[in-house]
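Asks: Numbering (numbering that gives the first Met the number 0), first residue to last: 0 to 296.
Sharing a structure here in structure tokens format.
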Amino acid sequence: MGRFSSIHRTRGYKVFECATNYASGQLHGYRWMYAKCRENGLRVRKEDVRLVLKELDPRGVSSRQAGRLRRRRYFSRRPNFIWHLDSYHKLKPYGICINGCIDGFSRKIVWLNAYTTSSDPKLIGGYYMEAVQRLKGCPRVVRGDLGTENGYVRGFQRFLVSTHQEDTLDSYLEGASTANQRIEYWWGFLRRQCMEFWISLFADLRDNGLFDGGFLDKNLLQFCCMGLIQDELDDTSQVWDAHTIRPSRNVSVPTGRPNVLYVLPELYQTRDFLSPVEDEQVQLCKHVCLSADHTMR
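Here it is in structure tokens:
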């Protein structure tokens, strides 16, 4: 009996260390924290994680068990058929702007970057071209909002994808940001798992008179926190891509790990829809866009 209790205490300590190692760890549910433990090489049981979090954060557990939203149905044909891109503005008043892109079929994160702006179309175009160069191709369709910050992405996408006469689908779709379902859902997830901590921290600084929204205060937060936030974004996207998406009532949406859904579409009776691009095209586009300078990290 003593040995059994000792084993459980050891597991509990491991989970506790993992849960407290991240600034935003207090936001995580037990499934997400279990995935983080696995990513950090901890061999623990999901039930142990659930019990530890219940002891550490009973109020958080209760709030996460609150009502669930009814969501619209969504369907994407295959990997790289459509990418959804958008900017996350909750930290923008504090000088930190986040831009991200997610694959519609696999839900794999294509990019997730924090920087001093998300309004420069050349910068957003740079994010897009870095992904295209890394993957050696572009999606069939990009879905963005109506903002001017996506102007270069729109131009690049239409330049790189040759639309066949018999295909009436435009290679770039735009509409209201709130209707961009895939990325909008993921922003809610990001807030619950990561951003709520930073939103509350910065709001406390503001409410206590330690942040006035001026140029100097924004630059100080950028200098002190940008790298930490980018590290958490990288960690969140890495764990997300490796975690298992649970079955949905929408039978058209595949379940599994985003990494597997993305690289092995044959397991789901489909294929990759990445459109190959020429290196000359990539270099031509990159010549007119910007790459984020992350030296402050």
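We put the CB at the ideal spot given by N, CA and C, even for glycine.
Please return the same chain residues whose Cβ sits closer than 6 Å to the Cβ of A34, not counting the five positions on each side in sequence.
Replies: Result list for A34: V238, H242, in chain order.
Asks: Would you kindly report the start and end of the unbroken alpha helix (DSSP H) that includes A224?
Replies: What sits at residue 224 in the sequence shown is Cys, not Ala. Element bounds for C224: 214-241.
Asks: For H83, count neighbouring Cβ atoms within 10 angstroms of its own Cβ and tell me buried if that reaches 16, exposed if not.
Replies: Buried, because 16 or more other Cβ atoms sit within 10 Å of the Cβ of H83.
Asks: Are the beta-carbon atoms belonging to P253 and Y267 less than 8 Å from one another?
Replies: Against a cut-off of 8 Å, the Cβ pair of Y267 and P253 comes out as a contact.
Asks: Give the straight-line distance between the Cα atoms of S118 and R139, rounded to the nearest whole angstrom.
Replies: When rounded, the distance between both Cα atoms is 24 Å.
Asks: Give, in chain order, every unbroken run of the alpha helix (DSSP H) that is at least 4 residues long and sits entirely within the region 102-174.
Replies: Listed in chain order, they are 120-134, 150-159.
Asks: Do K285 and I198 come within 8 Å of each other at the CB atom, strictly closer than that value?
Replies: Going by C-beta atoms, I198 is not nearer than 8 Å to K285.
Asks: Between the Cα of P120 and the Cα atoms of G136, N149, V131, which residue gives the shortest distance?
Replies: Selected option, being the one with the closest Cα: N149.
Asks: I think L111 touches S290, with their Cβ atoms under 8 Å apart; what is that distance to the nearest whole Å?
Replies: L111 to S290, Cβ: 16 Å. No contact.
Asks: Verify whether the separation of the beta carbon atoms of L52 and M32 is less than 8 Å.
Replies: A contact, by the Cβ cut-off of 8 Å.
Asks: Answer with buried or exposed for S322, where buried requires no fewer than 16 other C-beta atoms within 10 angstroms of its C-beta.
Replies: Because the chain spans 0 through 296 in this model, residue 322 falls outside it and cannot be assessed.
Asks: Tell me whether the beta-carbon of D85 lies closer than 8 Å to the beta-carbon of D144.
Replies: Closer than 8 Å, so yes.
Asks: Determine the direct distance from the alpha carbon of Q192 to that of G28, and round the result to whole angstroms.
Replies: When rounded, the distance between both Cα atoms is 8 Å.
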